Amino acid sequence: MIVEEGQEIVIRVRGLAKSFGTHQIWESLDLDVYRGEILAIVGGSGQGKSVLMRVITGLVAPDNGVVTLFGQEEHTLSEEARLEIEKRWGILFQDGALFSSLTVLQNIQVPMREHLNLPQSMMDDLAFLKLSMVGLRPEAAHKYPSELSGGMRKRAGLARALALDPEIVFLDEPTAGLDPIGASEFDHLIRKLQQTLGLTVYMVTHDLDTIFTVCDRVAVLADQKIVRTGSPAELQSKPDHPWIEEYFCGERARAASPAEERRAVS
Amino acid sequence: MLKRDNQFVLQTETEAPGFRVELRGTTFRLVATGAWTISEAAVLDEELKRLKVPIPPSSEFTGEMDISGIAEIDTSGAWLLQRTAGAWQRGGLKTRYAGATDSFRILIEEVHRRGQGELPEIDQIPPLQQFVETTKKSATSIWQDTLALTSFLGEVTVAAARAVREPWRFRPISFIHHLDYAGLRALPIIFLICFLIGAVVMQQGVVQLSYFGAEVMAVNMVAILSLREVGILLTSIMVAGRSGSAFTAEIGSMKMREEIDAMRTLGIDPMDTLVLPRVAALIVALPLLTFMGDIAALVGGGVMAWVMLGLDPPLYIDKLQEIVSFRHFMVGMIKAPFAAIIIALVGCLEGLRVQGSAESLGTHVTAAVVKAIFLVICIDGIFAMFLAGIGQ
Chain A
37 MIVEEGQEIV IRVRGLAKSF GTHQIWESLD LDVYRGEILA IVGGSGQGKS VLMRVITGLV
97 APDNGVVTLF GQEEHTLSEE ARLEIEKRWG ILFQDGALFS SLTVLQNIQV PMREHLNLPQ
157 SMMDDLAFLK LSMVGLRPEA AHKYPSELSG GMRKRAGLAR ALALDPEIVF LDEPTAGLDP
217 IGASEFDHLI RKLQQTLGLT VYMVTHDLDT IFTVCDRVAV LADQKIVRTG SPAELQSKPD
277 HPWIEEYFCG ERARAASPAE ERRAVS
Chain B
4 MLKRDNQFVL QTETEAPGFR VELRGTTFRL VATGAWTISE AAVLDEELKR LKVPIPPSSE
64 FTGEMDISGI AEIDTSGAWL LQRTAGAWQR GGLKTRYAGA TDSFRILIEE VHRRGQGELP
124 EIDQIPPLQQ FVETTKKSAT SIWQDTLALT SFLGEVTVAA ARAVREPWRF RPISFIHHLD
184 YAGLRALPII FLICFLIGAV VMQQGVVQLS YFGAEVMAVN MVAILSLREV GILLTSIMVA
244 GRSGSAFTAE IGSMKMREEI DAMRTLGIDP MDTLVLPRVA ALIVALPLLT FMGDIAALVG
304 GGVMAWVMLG LDPPLYIDKL QEIVSFRHFM VGMIKAPFAA IIIALVGCLE GLRVQGSAES
364 LGTHVTAAVV KAIFLVICID GIFAMFLAGI GQ
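The listed protein sequences correspond, in order, to chains A and B. To convert, take the position in the first sequence, counting from 1, and add 36; that gives this note's numbering. To convert, take the position in the second sequence, counting from 1, and add 3; that gives this note's numbering.
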């Protein structure tokens with residue numbers, strides 16, 4: 037366990053480098069994720085936001101650098117230790133990535149079935165509980181992913197990510213493709229679940245509304261590294277980077293930001 | 004997972020997950036300790052199920068869930084507590100929680116609120132009825148498949164007629180692409196298989212016919228058999244396995260990702276773009292492949308005849324010219340376009356029938372290959388009867 041300034045660091049990334057062919061994505065990337073926070077990763081397209089998530093979760097190997105998960109360096113982990121760590125996180129992929137040949141309920145039970153030895157009745161009840169926690173109606177339980185709408189698939193994916201009561205959830209563009217009402221509901225859902233379950237949330241997002249309503253901290257990917265981290269308000273009031281300025285002080289940001297609104301009224 | 008923020012409890016001092024029930028005054032207390040998390044849930048569930056609901060002697064008795072000893076809790080732990088509390092409540096004990104921190108309380112309340120609904124039941128069909136229904140379904144599916152294939156043949160014919168009238172509808176690039184994939188690239192494997200089968204049939208024929216002293220007749224057998232049956236059958240089966248399955252998989256995955264719907268909305272007819280080029284490509288490719296298969300089988304037979312009978316190539320060719328007439332060759336070749344139409348139609352039709360799931364894609368690819376091979380062999384049988392009838 038790494039503790040710094042009274043906060044526990046659950047994920048620490050140091051000196052990460054990755055390139056695809058001749059295209060260098062990051063040269064030396066540093067990032068800390070604190071326990072219990074909602075962290076948003078933002079950056080222009082092609083800056084490797086999703087790749088960073090994939091590197092941290094071990095789906096893609098970095099060229100160089102160290103990822104430390106719960107105080108253990110990722111590349112030193114044995115197979116069993118890796119499995120133990122995988123039980124401590126849940127991942128929501130962009131379109132849910134539900135298994136298409138299983139019903140929603142069975143999808144949620146997959147991690148339980150793989151990692152634990154629970155009686156079927158208990159798995160049913162727990163999966164149903166998770167289903168209702170993410171705001172899906174009971175009728176959705178026996179449906180197949182292809183019978184669900186995009187928003188419902190995201191919710192079902194989130195329920196599967198929460199199946200083992202993880203400590204961290206990774207969300208890849210959780211509100212992309214949802215209508216504003218659905219997106220705002222999803223924001224509140226994330227905040228609510230984070231408070232109820234004591235989650236740490238790591239999300240890749242573009243959505244300024246999400247950033248201003250639920251995120252505690254934002255990390256900005258640009259120039260092949262994390263150029264700045266800070267609360268959304270901080271980044272907006274002191275954007276000392278052209279990309280941050282454009283992102284947080286542009287037309288859309290002004291519409292989304294509560295601070296700007298207040299300033300405009302007063 | 005929520006942890007109790009207690010600086011004084013060291014990791015080693017936390018108790019094992021568990022509980023005990025005690026009666027203090029008029030209060031039944033369930034004292035829970037340790038980590039109530041999903042990794043311990045199976046054990047806790049079993050022990051809690053064994054626990055009898057206390058029967059209150061009078062109405063002033065109450066229940067209490069003392070969770071001050073719980074170090075960690077998650078939704079499964081909260082659910083187990085909630086289930087027990089619910090059972091006590093129903094048994095006539097007014098039950099409350101004691102020793103919950105704020106975060107624990109939020110979780111327990113959320114679990115209580117969310118756990119209210121009922122999981123909808125799946126209709127269970129009795130096994131006998133299920134058996135009858137599956138039988139009925141597979142029996143009617145034969146008829147439905149026939150109907151579907153016939154109507155699909157009609158659609159393709161209409162599309163082909165339209166393409167003849169309006170040639171710009173036809174997609175030459177797609178046609179050439181499939182001709183390359185289903186035709187040219189299938190050549191090595193078809194050549195190899197037919198060569199080997201030709202050789203094997205010749206070898207067996209020589210061995211068996213030597214009992215009658217008629218080894219040389221094995222050449223007749225191989226020549227006639229290859230040209231009339233083996234060449235076309237082997238080639239069709241290979242193409243059905245190789246290209247029929249690919250057609251289903253390609254069109255099926257496009258269907259899964261709504262690409263076919265997208266085409267329709269853009270005013271593009273999938274018949275023109277997907278089905279017709281494939282059907283046309285196979286109609287051209289399969290006779291050519293069959294021809295190559297015939298040649299390969301004859302070559303394979305020739306090699307074996309040279310080895311076993313000492314029939315050198317010039318002699319073998321002389322012998323072939325004596326035995327084989329053009330009609331034997333045509334009997335095989337005439338079947339090729341029909342087999343091609345069947346393989347392409349079944350492959351495309353099964354692809355268009357794919358539903359949303361990966362499992363469905365697998366089922367339809369399997370069905371495409373099985374049905375195509377079955378129908379090719381059926382057609383071969385019908386041709387055999389017809390040709391025997393007209394004396395060919």
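Ideal placement from N, C-alpha and C gives every residue a C-beta, glycine not left out. Fair warning: this is a prediction, and the values are worked out from it, not measured in the lab.
Using CA atoms only, rank isn't needed, just tell me which of the options is closest to residue i.
i                        : options                                  : result
glycine 234 (chain B)    : B:Phe250, B:Gly208 and B:Cys197          : B:Cys197
leucine 200 (chain A)    : B:Ile76, B:Thr87 and B:Arg117            : B:Ile76
threonine 463 (chain B)  : B:Ile179, B:Met311 and B:Ala347          : Any answer about residue 463 (chain B) is impossible in this case: the structure gives chain B only from 4 up to 395.
alanine 103 (chain B)    : B:Arg93, B:Gln133, B:Asp69 and B:Asp48   : B:Asp69
methionine 239 (chain A) : A:Gly193, A:Leu65 and A:Glu209           : A:Glu209
methionine 307 (chain B) : B:Arg356, B:Val209 and B:Ala387          : B:Val209
arginine 32 (chain B)    : B:Tyr100, B:Leu292 and B:Arg7            : B:Tyr100
valine 46 (chain B)      : A:Val237, A:Arg253 and A:Pro155          : A:Pro155
glutamate 287 (chain A)  : A:Leu244, A:Thr232, A:Thr104 and A:Asp68 : A:Leu244
tyrosine 283 (chain A)   : A:Gly80, A:Gln145, A:Leu105 and A:Glu183 : A:Gly80
serine 42 (chain B)      : A:Ser86, A:Ile226, A:Ser137 and A:Lys123 : A:Lys123
serine 239 (chain B)     : B:Val379, B:Ile200 and B:Val34           : B:Val379
valine 278 (chain B)     : B:Pro175, B:Gln395 and B:Glu232          : B:Pro175
lysine 374 (chain B)     : B:Ile200, B:Ile145 and B:Glu232          : B:Ile145
isoleucine 204 (chain A) : A:Val69, A:Ile38 and A:Glu41             : A:Val69
Residues of chain B with CB under 7 Å from residue i, in chain order?
i                       : result
threonine 232 (chain A) : Ile109, Leu110 and Glu113
leucine 67 (chain A)    : Those within 7 Å of leucine 67 (chain A) in chain B number zero; the least Cβ separation is about 23 Å.
serine 185 (chain A)    : Per Cβ cutoff of 7 Å: no residues; serine 185 (chain A) is ~13 Å from chain B at best.
glutamate 41 (chain A)  : Chain B residues near glutamate 41 (chain A): none, gap ~17 Å exceeds 7 Å.
Taking C-beta pairs closer than 9 Å, name the residues in chain A that residue i reaches, listed in chain order.
i                       : result
leucine 411 (chain B)   : The shown model of chain B, from 4 to 395, leaves out residue 411 (chain B), and the question about it has no answer.
tryptophan 82 (chain B) : Met158, Asp161, Leu162 and Leu165
glutamine 92 (chain B)  : Per Cβ cutoff of 9 Å: no residues; glutamine 92 (chain B) is ~17 Å from chain A at best.
threonine 78 (chain B)  : Leu162, Leu165, Lys166, Met169, Leu198, Asp201, Thr232 and Leu233
Below 8 Å on the Cβ atoms is my guess for residue i versus residue j; work out the distance and round it to an integer in Å.
i                       : j                          : result
glutamate 253 (chain B) : glycine 359 (chain B)      : Contact flag wrong, Cβ pair sits at about 17 Å.
arginine 71 (chain A)   : valine 46 (chain A)        : 5 Å
proline 59 (chain B)    : leucine 96 (chain B)       : 5 Å
leucine 134 (chain A)   : arginine 196 (chain A)     : 7 Å
histidine 223 (chain A) : threonine 211 (chain A)    : Here residue 223 (chain A) is aspartate; the residue named in the question, histidine, does not match the sequence. At roughly 7 Å, the Cβ-Cβ gap stays under 8 Å, so aspartate 223 (chain A) and threonine 211 (chain A) are in contact.
alanine 339 (chain B)   : leucine 390 (chain B)      : At roughly 14 Å, the Cβ-Cβ gap does not stay under 8 Å, so alanine 339 (chain B) and leucine 390 (chain B) are not in contact.
leucine 119 (chain A)   : alanine 177 (chain A)      : 28 Å between Cβ atoms; not a contact.
glycine 255 (chain B)   : leucine 352 (chain B)      : Rounded, the Cβ-Cβ distance is 11 Å, inconsistent with contact.
glutamine 272 (chain A) : glutamate 63 (chain A)     : Between glutamate 63 (chain A) and glutamine 272 (chain A) the Cβ distance is about 27 Å, and since that is not below 8 Å, they are no contact.
threonine 40 (chain B)  : phenylalanine 22 (chain B) : Between phenylalanine 22 (chain B) and threonine 40 (chain B) the Cβ distance is about 14 Å, and since that is not below 8 Å, they are no contact.
Given that residue i touches chain A, what residues does it touch there, using C-beta distances under 8 Å?
i                       : result
proline 123 (chain B)   : Pro174, Glu175, Ala177 and His178
glutamine 358 (chain B) : Ser182
glutamate 362 (chain B) : Ser136 and Ser137
leucine 5 (chain B)     : Leu233 and Gly234
serine 239 (chain B)    : Chain A residues near serine 239 (chain B): none, gap ~31 Å exceeds 8 Å.
arginine 117 (chain B)  : Leu165, Ser168 and Met169
serine 256 (chain B)    : Those within 8 Å of serine 256 (chain B) in chain A number zero; the least Cβ separation is about 12 Å.
aspartate 126 (chain B) : Going along chain A, no residue has its Cβ under 8 Å from aspartate 126 (chain B), so there is no contact; the nearest lies around 10 Å.
Strictly below 8 Å CB to CB, what residues from chain B border residue i?
i                        : result
leucine 200 (chain A)    : Ile41
proline 268 (chain A)    : Within chain B, no residue comes near proline 268 (chain A); the closest Cβ sits about 25 Å away, beyond 8 Å.
asparagine 153 (chain A) : Ala45
glutamate 73 (chain A)   : Within chain B, no residue comes near glutamate 73 (chain A); the closest Cβ sits about 15 Å away, beyond 8 Å.
What residues from chain A crowd round residue i, counting only those whose CB sits closer than 7 Å?
i                      : result
alanine 265 (chain B)  : Correct list: empty, because the minimum Cβ distance to chain A is about 16 Å.
alanine 74 (chain B)   : In chain order: nothing, as chain A lies at least about 13 Å away.
serine 106 (chain B)   : Gly234
glycine 120 (chain B)  : Ser168 and Pro174
aspartate 48 (chain B) : Pro155 and Met158
Please list, in chain order, the chain B residues whose beta carbon lies closer than 9 Å to that of residue i.
i                       : result
glutamate 203 (chain A) : Met4
Hey, is residue i close to the ligand GDP, as in C-beta under 7 Å from one of its heavy atoms?
i                       : result
glutamate 110 (chain A) : Absence of the ligand GDP from the depicted structure is noted, as is the absence of any ligand whatsoever, leaving it without description.
Original post:
Hey, is the segment 158-167 of chain B in contact with the segment 219-227 of chain B, meaning 3+ C-beta pairs nearer than 8 Å?
Top reply: Using a C-beta cut-off of 8 Å, the segment 158-167 of chain B makes no contact with the segment 219-227 of chain B, since fewer than three inter-stretch Cβ pairs fall below that distance.
**OP:** Report yes or no: do the segment 108-120 of chain B and the segment 72-89 of chain B share at least 3 C-beta pairs separated by less than 8 Å?
**Re:** Touching, per the Cβ criterion.
**OP:** Run through the segment 157-182 of chain B for me and flag every whole alpha helix (DSSP H) of 4 or more residues, listed as ranges in chain order.
**Re:** The segment 157-182 of chain B contains, as complete alpha helix (DSSP H) runs of 4+ residues, the segments 175-181 (chain order).
**OP:** Just list the beta strand (DSSP E) runs in the segment 7-86 of chain B, keeping only unbroken ones of 3 residues or longer that don't cross its boundaries, in chain order.
**Re:** As far as the segment 7-86 of chain B is concerned, its whole beta strand (DSSP E) runs of at least 3 residues are 21-27, 30-39 and 65-76.
**OP:** Write down every uninterrupted run of the alpha helix (DSSP H) in the segment 54-130 of chain A whose length is 4 residues or greater and which is fully enclosed by it, in chain order.
**Re:** Listed in chain order, the alpha helix (DSSP H) elements of length 4 or more contained wholly in the segment 54-130 of chain A are 85-92 and 115-122.
Subject >> Cβ contact (3+ pairs, closer than 8 Å) linking the segment 54-73 of chain A and the segment 96-113 of chain A >> reply: A contact between stretches requires three or more CB pairs, one per stretch, nearer than 8 Å, and the segment 54-73 of chain A meets this requirement with the segment 96-113 of chain A.
Subject >> Stretch pair the segment 50-59 of chain B + the segment 86-93 of chain B: three plus CB contacts closer than 8 Å >> reply: With a cut-off of 8 Å, the segment 86-93 of chain B and the segment 50-59 of chain B count as touching, because enough Cβ pairs lie within range.
**OP:** Can you check the segment 88-138 of chain B for any beta strand (DSSP E) of at least 3 residues that lies completely inside it and give the ranges in chain order?
**Re:** As far as the segment 88-138 of chain B is concerned, its whole beta strand (DSSP E) runs of at least 3 residues are 97-101.
Subject >> Three CB pairs or more closer than 8 Å across the segment 155-169 of chain A and the segment 178-189 of chain A >> reply: The segment 155-169 of chain A vs the segment 178-189 of chain A: no contact.
**OP:** Evaluate contact between the segment 198-217 of chain B and the segment 320-328 of chain B, counting only Cβ atoms and requiring at least three cross-stretch pairs below 8 Å.
**Re:** Segments in contact, no.
Subject >> Segments assigned beta strand (DSSP E), at least 3 residues, entirely inside the segment 223-271 of chain A >> reply: As for any beta strand (DSSP E) of minimum length 3 sitting wholly inside the segment 223-271 of chain A, the runs are 236-240, 253-258 and 261-266, ordered along the chain.
Subject >> Minimum length 4: unbroken alpha helix (DSSP H) runs contained in the segment 139-200 of chain A >> reply: Note on the segment 139-200 of chain A: whole alpha helix (DSSP H) runs with a minimum of 4 residues are 140-151, 156-169 and 186-197, in chain order.
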